[in-house]
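The block underneath contains the structure these notes are about, expressed in structure tokens.
2 protein chains.
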Amino acid sequence: MLRGLTAAATGRILTMFDSSNVVRTLVSQRLAQRRRRTRDDIVDAAWRLAERDGLASLTLRDLAAEVGMRAPSLYSYFDSKVAIYDAMFAQAHRETDAALRAAEAEAHIDPAADPQAWLAFGARHWLTRCQASIPRYQLMYTRVIPGWEPSPDAYEASVASFARTREWLAQAGVTDERDVDLWTATVAGLAAQQIANEPTGRRWIDLTDRAVRMFLREIEQKGTP
Amino acid sequence: MLRGLTAAATGRILTMFDSSNVVRTLVSQRLAQRRRRTRDDIVDAAWRLAERDGLASLTLRDLAAEVGMRAPSLYSYFDSKVAIYDAMFAQAHRETDAALRAAEAEAHIDPAADPQAWLAFGARHWLTRCQASIPRYQLMYTRVIPGWEPSPDAYEASVASFARTREWLAQAGVTDERDVDLWTATVAGLAAQQIANEPTGRRWIDLTDRAVRMFLREIEQKGTP
DNA sequence: GTCTATAGACGGATAGAC
DNA sequence: GTCTATCCGTCTATAGAC
Numbered sequence: 001m002l003r004g005l006t007a008a009a010t011g012r013i014l015t016m017f018d019s020s021n022v023v024r025t026l027v028s029q030r031l032a033q034r035r036r037r038t039r040d041d042i043v044d045a046a047w048r049l050a051e052r053d054g055l056a057s058l059t060l061r062d063l064a065a066e067v068g069m070r071a072p073s074l075y076s077y078f079d080s081k082v083a084i085y086d087a088m089f090a091q092a093h094r095e096t097d098a099a100l101r102a103a104e105a106e107a108h109i110d111p112a113a114d115p116q117a118w119l120a121f122g123a124r125h126w127l128t129r130c131q132a133s134i135p136r137y138q139l140m141y142t143r144v145i146p147g148w149e150p151s152p153d154a155y156e157a158s159v160a161s162f163a164r165t166r167e168w169l170a171q172a173g174v175t176d177e178r179d180v181d182l183w184t185a186t187v188a189g190l191a192a193q194q195i196a197n198e199p200t201g202r203r204w205i206d207l208t209d210r211a212v213r214m215f216l217r218e219i220e221q222k223g224t225p
Numbered sequence: 001m002l003r004g005l006t007a008a009a010t011g012r013i014l015t016m017f018d019s020s021n022v023v024r025t026l027v028s029q030r031l032a033q034r035r036r037r038t039r040d041d042i043v044d045a046a047w048r049l050a051e052r053d054g055l056a057s058l059t060l061r062d063l064a065a066e067v068g069m070r071a072p073s074l075y076s077y078f079d080s081k082v083a084i085y086d087a088m089f090a091q092a093h094r095e096t097d098a099a100l101r102a103a104e105a106e107a108h109i110d111p112a113a114d115p116q117a118w119l120a121f122g123a124r125h126w127l128t129r130c131q132a133s134i135p136r137y138q139l140m141y142t143r144v145i146p147g148w149e150p151s152p153d154a155y156e157a158s159v160a161s162f163a164r165t166r167e168w169l170a171q172a173g174v175t176d177e178r179d180v181d182l183w184t185a186t187v188a189g190l191a192a193q194q195i196a197n198e199p200t201g202r203r204w205i206d207l208t209d210r211a212v213r214m215f216l217r218e219i220e221q222k223g224t225p
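Here the protein sequences line up with chains A and B, keeping their order.
When we follow our numbering, the leftmost residue of the first sequence carries the number 1, and every step to the right adds one.
When we follow our numbering, the leftmost residue of the second sequence carries the number 1, and every step to the right adds one.
Given below as structure tokens:
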């Protein structure tokens with residue numbers, strides 16, 4: 001009820017608006033927003049559980065409990081379990097993209113003047129983030145869930161994020177398709193080794209500067225043997 | 001029964017040997033060998049199923065059917081399901097090690113004279129092998145099975161195999177601990193990207209020569225910026 | 001060693017009341 | 001939208017006959 005009005009006055013106002021569909025619209029916007037928030041809560045809870053038990057051990061019962069629901073209620077928000085993996089995948093790509101851009105804006109590095117610093121900063125940021133959540137790393141960049149592939153919609157998020165990585169590399173002068181592939185392999189290799197052999201250490205992450213220097217030297221001297 | 005002898009004669013001979021425990025020993029050796037072969041058959045069947053359905057989808061029922069048994073019979077050969085993963089892990093490391101050594105012996109490359117060719121050959125061999133069996137790659141080098149870690153015994157197989165990789169690198173003049181880490185990351189990165197993005201293609205594997213050149217240049221010019 | 005039978009648990013998903 | 005109840009399938013592992 002609207003504050004400071006009698007019920008009758010409130011009724012007249014609502015009717016007035018209602019006749020022009022304003023109330024209906026406002027209410028449905030509120031509901032849609034609430035729904036979106038609950039979906040986000042569920043996805044966040046799913047990440048907490050994946051962190052705790054592993055990505056493949058996620059169950060709808062546990063997930064529902066984590067958000068104070070029962071398992072069947074999740075079907076009001078997601079069509080199936082894989083739809084939840086899908087939402088996790090898309091959200092992770094969007095957030096990783098945003099986090100990298102935010103960090104770079106704060107770092108104040110001129111990519112043209114110091115590509116080494118630019119690339120090393122980005123690589124270290126990405127690697128640290130991979131290590132901070134191994135389930136996230138697995139879902140985004142490996143194929144852990146048997147049979148699952150991102151839906152077209154979720155896949156689009158990863159494509160968009162990767163397009164930004166390419167722009168980001170271009171600022172450091174890396175534009176050639178094959179050079180981009182070599183870059184992704186180099187950085188992915190550090191992540192893979194760090195996570196597989198020493199999930200909580202820094203042994204491979206600490207090789208970032210060397211790896212970046214190695215990479216830049218290679219793309220400068222591409223022709224020479 | 002021994003061929004060409006009467007039952008009585010056979011009995012006398014067996015008794016003669018038996019009194020010196022020879023028969024008992026021979027029989028138990030045969031049984032042990034048979035047991036070992038069945039174990040190997042089970043592990044081979046497990047790999048076939050992992051290839052078909054994914055590593056995590058392996059079930060004892062399917063596995064037993066694949067070797068013409070029922071699920072409970074597998075417990076005569078392995079204590080549990082994870083013991084089977086363990087045997088797969090150990091076998092994969094032993095075979096990968098042996099395959100690499102065999103291939104190099106045939107390639108007739110002098111590591112001291114041409115480290116580039118030596119390293120590129122080994123890398124390409126390893127990468128091709130990773131791609132040939134993605135479940136094998138996952139079990140050996142990533143952490144796919146939630147909660148599972150190789151037993152000390154299985155782990156030893158991977159340590160032995162890696163020790164050989166180090167000797168192999170040393171032949172090309174790569175001995176520094178950090179250089180070895182950089183090498184494993186570089187090659188692992190090609191595998192990770194190839195398998196994640198293009199499981200049946202050659203886009204990253206075809207970067208092997210560039211990656212090796214890049215790596216060798218880096219370890220030669222370590223000091224210089 | 002292999003089998004049948006089954007324990008015992010857990011999973012995703014659905015039906016239908018409220 | 002949320003719930004209870006439940007279906008129906010899955011799995012690993014064990015008991016005990018043969």
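Beta carbons: idealized from backbone N, C-alpha and C, even for Gly.
This one's a predicted model, so the numbers in the text were calculated from it and none came from an experiment.
Check, Outcome
"Give the C-beta separation of W118 of chain B and Q171 of chain B to the nearest angstrom, bearing in mind that I take them to be a contact with Cβ-Cβ under 8 Å.", "7 Å"
"What residues of chain A sit near F78 of chain B, judged by a beta carbon separation below 7 Å?", "Those do not exist, as F78 of chain B stays about 22 Å from chain A at its closest Cβ, beyond 7 Å."
"Are the Cβ atoms of Q131 of chain B and L55 of chain B separated by less than 8 Å?", "no"
"Please state whether the Cβ-Cβ distance between L169 of chain A and V180 of chain A is less than 8 Å.", "yes"
"Since I84 of chain B is in the alpha helix (DSSP H), which residue starts that stretch and which ends it?", "81-107"
"Which residue wins for smallest C-alpha separation from V230 of chain B, given the options B:R52, B:Q29, B:P111, B:A120?", "The structure shown has nothing for residue 230 of chain B, since chain B only spans 1 to 225."
"Determine whether the Cβ of F89 of chain A lies closer than 8 Å to any Cβ atom of chain B.", "no"
"Could you tell me the distance, in whole angstroms, from the CA atom of D41 of chain B to the CA atom of V67 of chain B?", "7 Å"
"Report buried or exposed for A185 of chain A, applying the criterion of at least 16 other Cβ atoms within 10 angstroms of its Cβ.", "buried"
"Please list, in chain order, all residues of the same chain as R94 of chain A whose beta carbon is under 6 Å from its beta carbon, the five residues on each side excluded.", "A157"
"Using a Cβ-Cβ distance under 8 Å, would D220 of chain B count as near chain A?", "For the sequence presented, residue 220 of chain B should be read as Glu rather than Asp. Chain A contact via Cβ: absent."
"From M88 of chain B to P115 of chain A, what does the alpha carbon distance come to, in whole angstroms?", "45 Å"
"With a threshold of 8 Å between beta-carbons, can Y141 of chain A be considered close to chain B, or not?", "yes"
"Out of B:R48, B:T96, B:Q33, state which residue places its alpha-carbon closest to the alpha-carbon of S161 of chain B.", "B:T96"
"Exposed or buried, what is Q194 of chain B when buried is set at 16 or more other beta-carbons lying within 10 Å of its beta-carbon?", "buried"
"Quick one: does F215 of chain B have its CB under 8 Å from some CB of chain A?", "yes"
"Given a threshold of 16 other Cβ atoms within 10 Å of its Cβ, counted over all protein chains shown, does R3 of chain B qualify as buried or as exposed?", "Confidence in R3 of chain B is poor, its pLDDT being 49 and thus under 50, which makes the residue's placement too unreliable to answer from."
"May I ask you to report which of helix, strand or coil DSSP gives L2 of chain A?", "Only weak support exists for where L2 of chain A lies, its pLDDT of 45 falling under 50; the coordinates are left without a value."
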